[in-house]
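**Student:** Okay, here's the structure, questions in a sec.
Residue numbers (the working numbering), protein chains in the order written: chain A, 1 to 386; chain B, 387 to 765.
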């Protein structure tokens with residue numbers, strides 16, 4: 001048996017022995033996701049137990065170094081971990097912006113002290129992070145952001161407003177883009193971390209077309225941020241922000257995410273539909289979904305060994321989100337009038353229509369499809385004047 | 387296994403890329419043979435060079451003098467064939483033919499494989515009946531006669547048929563036309579009495595035959611594999627041909643795309659390079675994204691096929707359908723973005739459009755494979 005196969009056997013039996021049965025059912029909705037954090041209320045004892053046993057082994061962040069709360073897996077081992085989790089149908093023990101977004105940025109730009117402190121908290125599910133990027137006047141044109149941190153010697157005083165801050169009302173800390181030099185557009189932004197309980201921070205949820213409020217407006221009114229809480233250099237936060245956006249786009253693309261790349265043709269037989277035109281559309285979709293699943297696998301394989309084009313996450317985000325929107329259009333079509341029900345037991349409180357509406361944000365949040373295409377045209381295709 | 391080429395495969399890709407660009411380029415090969423109205427549609431000299439490069443026997447077993455490589459490696463060659471629109475009998479001979487012969491008797495392998503590996507023998511596949519690929523139905527019949535069989539019927543879209551030293555024929559030896567069982571594969575030599583070709587030049591300048599078998603007498607030694615039990619082998623041959631065609635299509639699409647983006651960077655209108663216009667940039671970026679995805683689907687299917695996975699068949703159809711749609715988009719966008727010159731014979735972009743159309747029909751178009759994906763997925 002090769003070393004990797006021995007590792008696979010070990011992982012398989014560990015998951016078998018430690019993953020509670022309840023954590024092996026598919027995630028049905030938002031409240032099945034374990035986000036962690038100071039204010040998180042576990043949905044069940046099994047959810048808490050699964051997060052804790054994984055955190056103790058570093059399995060919440062398997063490919064992070066052991067010193068920062070991970071399990072130190074190499075790319076091949078991390079792939080085995082993902083495959084075995086999928087095989088067991090096990091839910092991710094912990095999901096968070098700390099894992100997907102801040103973590104990679106800190107691993108690249110953080111000081112040793114920051115890595116040990118913040119990454120450890122993320123890995124153990126102790127601190128839940130949110131992202132302060134967009135502002136009312138700075139959406140696609142993010143670099144025009146106006147939130148300002150005034151230099152007060154040993155700290156900044158931050159004033160301004162962020163918008164579309166996901167789960168700001170539930171998060172413990174924020175990683176935030178703040179202008180620290182008004183004379184320089186790109187090299188006048190710093191990447192700051194601060195506690196959401198700092199005086200002067202307030203949040204206000206935004207009600208969306210889906211009826212839920214995952215996004216907030218976040219206001220900063222003379223918020224004091226110590227100088228030690230900057231990631232990377234002063235006024236060079238845009239480098240950190242761009243790097244992190246790559247990871248955000250990778251996450252939104254659904255690469256490596258079974259739920260977002262799975263096929264849907266079987267809804268036809270489940271619902272007993274006899275509709276040849278819909279069947280054809282579903283088959284075309286399934287082809288695209290399976291092809292994109294292969295792309296996700298290839299992309300992750302390549303990115304782990306540095307073979308992917310640095311701008312490739314933009315392409316993944318574009319393709320993955322457009323695919324997901326199409327998935328939900330087809331699921332609505334297959335569901336017919338039942339899928340229109342906004343509040344009913346049959347639809348678990350309107351899940352089909354609410355999910356369908358939610359997906360419309362996929363190609364807007366984290367960079368619109370149009371911006372993704374701009375970036376691909378410029379950085380990968382090197383088209384002129386792009 | 388990671389979804390990118392191993393070091394050995396990358397080395398193969400490097401040498402094949404250089405070889406195909408130098409020797410198999412559009413001007414030296416496709417245009418040359420087309421303009422001479424060559425009866426074969428490809429050059430035998432180049433086929434010999436394929437052999438010298440060690441490509442002709444890459445899928446054959448080592449015991450047969452081959453290299454025992456897999457579909458990932460064959461796909462590397464096919465992608466470069468596609469990129470250069472290189473006319474060659476590689477797909478029908480070294481991919482499908484060799485796959486068929488892998489289960490043939492020692493005699494048959496000994497009769498055909500050495501010539502294939504030496505680049506002297508050409509094989510063609512006689513599978514389709516009618517204008518659309520539908521191998522679930524096989525009407526061409528081989529009746530038992532004495533110690534052998536008598537073959538009667540017609541086959542269409544037999545690419546390189548009239549140039550081939552042997553035809554690999556899927557015929558019915560029992561049951562009715564649409565039965566899964568009762569199919570047998572035969573290796574029919576070109577000089578067998580009763581075989582006639584109506585050879586036709588196709589839109590992409592390849593030559594394909596309508597073949598008639600009028601009571602062709604075959605002895606038992608021309609049977610490949612089991613009598614009546616040839617369906618599994620036929621499927622194996624079809625999978626090899628389908629993933630091979632898909633790989634070639636990614637090369638065709640990639641070649642058309644490279645030519646088109648180069649044009650966007652040189653053609654000026656309204657005082658600007660046309661590549662500066664966002665309307666074209668977005669279409670080009672979308673096409674890039676689709677080409678990447680098609681390539682991923684193809685290498686995934688190749689790996690599953692080489693690994694003997696039970697999911698291989700589904701993924702082969704996914705890859706063939708996806709590569710067809712994406713390559714089609716690439717050539718349509720290519721001609722459109724070239725504008726007027728894209729309609730001229732002088733520019734190569736139109737040649738890509740022609741090859742794409744032919745490859746799409748070869749071994750099942752996107753709709754055929756979508757139907758297959760639905761069936762294999764249980765709906």
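Even glycine gets a Cβ: it sits at the ideal position worked out from N, Cα and C.
For clarity, every value in this text was computed on a predicted model and none was experimentally measured.
Can you give me the start and stop residues for the beta strand (DSSP E) that residue 151 of chain A sits inside?
**Tutor:** Here residue 151 of chain A is taken as the residue at index 151 of the first chain, counted from 1. From DSSP, the beta strand (DSSP E) with residue 151 of chain A extends over 148-151.
**Student:** On the three-state DSSP scale, how would you describe residue 233 of chain A?
**Tutor:** Position 233 of the first chain, counted from the first residue, corresponds to residue 233 of chain A. Here residue 233 of chain A sits in coil by DSSP.
**Student:** Give a yes or no on whether 8 Å exceeds the smallest Cβ distance from residue 268 of chain A to chain B.
**Tutor:** The residue given as residue 268 of chain A occupies position 268 in the first chain. Output row for residue 268 of chain A: interface = yes.
**Student:** Rounded to the nearest angstrom, what separates residue 572 of chain B and residue 249 of chain A at their Cα positions?
**Tutor:** Indexing the second chain from 1 puts residue 572 of chain B at position 186. Indexing the first chain from 1 puts residue 249 of chain A at position 249. Between residue 572 of chain B and residue 249 of chain A, the C-alpha separation is close to 53 Å.
**Student:** Does the region 88-101 of chain A come close enough to the region 208-222 of chain A to have 3 or more Cβ pairs within less than 8 Å?
**Tutor:** Contact between the region 88-101 of chain A and the region 208-222 of chain A is absent, because fewer than three Cβ pairs lie under 8 Å.
**Student:** Using Cβ-Cβ distances below 8 Å, what residues of the region 643-659 of chain B are close to chain A?
**Tutor:** Within the region 643-659 of chain B, the qualifying residues are 647, 650, 651, 658 and 659.
**Student:** Could you please tell me which residues of the region 723-756 of chain B, in chain order, have their CB closer than 9 Å to any CB of chain A?
**Tutor:** Correct list: 752, 753, 755 and 756.
**Student:** Indicate whether residue 146 of chain A and residue 179 of chain A have their beta-carbon atoms separated by less than 8 Å.
**Tutor:** Position 146 of the first chain, counting from 1, holds the residue named residue 146 of chain A. Position 179 of the first chain, counting from 1, holds the residue named residue 179 of chain A. Yes, they are a contact pair.
**Student:** What residues in the region 159-191 of chain A bring their beta carbon closer than 9 Å to a beta carbon of chain B?
**Tutor:** Here the close residues number zero.
**Student:** Against chain B, which members of the region 293-316 of chain A pass a CB distance test of less than 7 Å?
**Tutor:** Listed by position, the residues of the region 293-316 of chain A near chain B (Cβ gap below 7 Å) are 294, 295, 297, 298, 301, 302, 307 and 315.
**Student:** Going by other Cβ atoms of all chains shown within 10 Å of its Cβ, with 16 needed for buried, is residue 442 of chain B buried or exposed?
**Tutor:** Along the second chain, one-based indexing puts residue 442 of chain B at 56. Label assigned to residue 442 of chain B: buried.
**Student:** Would you mind reading off the limits of the beta strand (DSSP E) that contains residue 173 of chain A?
**Tutor:** Taking the first residue of the first chain as position 1, residue 173 of chain A is located at position 173. Unbroken beta strand (DSSP E) run through residue 173 of chain A: 173-179.
**Student:** Tell me, please, which residues DSSP counts as bridged to residue 224 of chain A.
**Tutor:** For the purposes of this step, residue 224 of chain A is identified with residue 224 of the first chain, where counting begins at 1. DSSP, once it has assigned bridges, lists A/157 as partnering residue 224 of chain A.
**Student:** Could you check the C-alpha separation between residue 211 of chain A and residue 368 of chain A for me, to the nearest Å?
**Tutor:** Reading the first chain from its first residue, position 211 is the one you call residue 211 of chain A. Reading the first chain from its first residue, position 368 is the one you call residue 368 of chain A. Their Cα atoms are separated by approximately 22 Å.
**Student:** What is the DSSP secondary structure of residue 436 of chain B, counted as helix, strand or coil?
**Tutor:** Position 50 of the second chain, counted from the start, is the residue given in the question as residue 436 of chain B. In this structure, residue 436 of chain B counts as helix in the three-state DSSP scheme.
**Student:** Could you tell me which of A/105, A/277, A/321 and A/158 sits nearest to residue 245 of chain A, measuring between CA atoms?
**Tutor:** The sequence position of residue 245 of chain A within the first chain is 245, counting from 1. The shortest C-alpha separation from residue 245 of chain A is found at A/105.
**Student:** With contact counted as at least three CB pairs below 8 Å, one residue from each stretch, are the region 301-313 of chain A and the region 658-668 of chain B in contact?
**Tutor:** Contact between the region 301-313 of chain A and the region 658-668 of chain B is absent, because fewer than three Cβ pairs lie under 8 Å.
**Student:** Counting contacts by CB-CB distance shorter than 8 Å, is residue 380 of chain A in contact with chain B?
**Tutor:** To locate residue 380 of chain A, count along the first chain from 1; it is residue 380. By this cut-off, residue 380 of chain A is an interface position.
**Student:** How many angstroms separate the CA atom of residue 388 of chain A from the CA atom of residue 89 of chain A?
**Tutor:** Given a span of 1 to 386 for chain A in the structure shown, any question on residue 388 of chain A remains unanswerable.
**Student:** With distances taken from CA atoms, which of B/462, B/417 and B/620 is nearest residue 736 of chain B?
**Tutor:** Residue 736 of chain B sits at position 350 when you count from the first residue of the second chain. The residue with the shortest Cα to Cα distance from residue 736 of chain B is B/417.
**Student:** For residue 95 of chain A, which residues of its own chain have a beta-carbon under 7 Å away from its beta-carbon, when the five flanking residues on both sides are left out?
**Tutor:** Numbered from its first residue, the first chain carries residue 95 of chain A at position 95. Closer than 7 Å at the Cβ level, and outside the excluded window around residue 95 of chain A, lie 33, 34 and 35.
**Student:** With a threshold of 8 Å between beta carbons, is residue 348 of chain B in contact with chain A?
**Tutor:** It is not possible to answer for residue 348 of chain B, since the shown part of chain B is limited to 387 through 765.
**Student:** Taking only the alpha-carbon atoms, compute the straight-line gap between residue 395 of chain B and residue 562 of chain B and give it to the nearest angstrom.
**Tutor:** Sequence index remark: in the second chain, residue 395 of chain B carries index 9 (1-based). Sequence index remark: in the second chain, residue 562 of chain B carries index 176 (1-based). Answer to the nearest angstrom: the Cα atoms are 44 Å apart.
**Student:** Counting only the same chain and skipping the five closest in sequence on each side, list residues whose C-beta sits under 7 Å from that of residue 130 of chain A.
**Tutor:** Along the first chain, one-based indexing puts residue 130 of chain A at 130. Answer for residue 130 of chain A: 97, 165, 166, 167, 168, 171 and 174, listed in chain order.
**Student:** Do the region 530-545 of chain B and the region 497-505 of chain B make contact, defined as three or more Cβ pairs closer than 8 Å?
**Tutor:** No: the two stretches stay apart, fewer than three of their Cβ pairs being nearer than 8 Å.
**Student:** With a threshold of 8 Å between beta-carbons, can residue 287 of chain A be considered close to chain B, or not?
**Tutor:** For this step, residue 287 of chain A is matched to residue 287 along the first chain. Residue 287 of chain A counts as touching chain B.
**Student:** Any beta carbon from chain B within less than 8 Å of residue 368 of chain A's own beta carbon?
**Tutor:** For the purposes of this step, residue 368 of chain A is taken as residue 368 along the first chain, with counting starting at 1. Not one chain B Cβ lies under 8 Å of residue 368 of chain A.
**Student:** Can you tell me which residues form a DSSP beta bridge with residue 539 of chain B?
**Tutor:** To locate residue 539 of chain B, count along the second chain from 1; it is residue 153. Residue 539 of chain B pairs with B/599.
**Student:** Once you ignore the five residues that flank residue 67 of chain A on each side, which residues in its own chain have a CB closer than 6 Å to its CB?
**Tutor:** As a first step, residue 67 of chain A is located in the first chain; it is residue number 67 there, counting from the start. None.
**Student:** Are residue 318 of chain A and residue 372 of chain A close, meaning C-beta to C-beta below 8 Å?
**Tutor:** Counted from its first residue, the first chain places residue 318 of chain A at position 318. Counted from its first residue, the first chain places residue 372 of chain A at position 372. Cβ atoms of residue 318 of chain A and residue 372 of chain A: closer than 8 Å.
**Student:** Tell me, which residues are paired with residue 583 of chain B by DSSP?
**Tutor:** Mapped onto the second chain, residue 583 of chain B falls at position 197. Beta-bridge pairing links residue 583 of chain B to B/597.
**Student:** Identify whether residue 530 of chain B lies in helix, strand or coil by the three-state DSSP scheme.
**Tutor:** Taking the first residue of the second chain as position 1, residue 530 of chain B is located at position 144. Here residue 530 of chain B sits in strand by DSSP.
**Student:** Between residue 319 of chain A and chain B, is there a C-beta pair that is closer than 8 Å?
**Tutor:** Numbered from 1 along the first chain, position 319 holds the residue referred to as residue 319 of chain A. Answer yes: the Cβ-Cβ gap between residue 319 of chain A and chain B drops below 8 Å somewhere.
**Student:** Could you name the residues that DSSP lists as bridge partners for residue 162 of chain A?
**Tutor:** Numbered from 1 along the first chain, position 162 holds the residue referred to as residue 162 of chain A. Looking at the DSSP assignment, residue 162 of chain A forms a beta bridge with A/218.
**Student:** Once DSSP output is grouped into helix, strand and coil, what is the label at residue 170 of chain A?
**Tutor:** Against the first chain, residue 170 of chain A aligns to sequence position 170. Coil, per DSSP.
**Student:** Within a Cβ cutoff of 7 Å, which residues of the same chain sit near residue 613 of chain B, ignoring the five residues on either side of it in sequence?
**Tutor:** Taking the second chain and counting its residues from 1, one reaches residue 613 of chain B at position 227. Only 559 and 570 meet the Cβ criterion.
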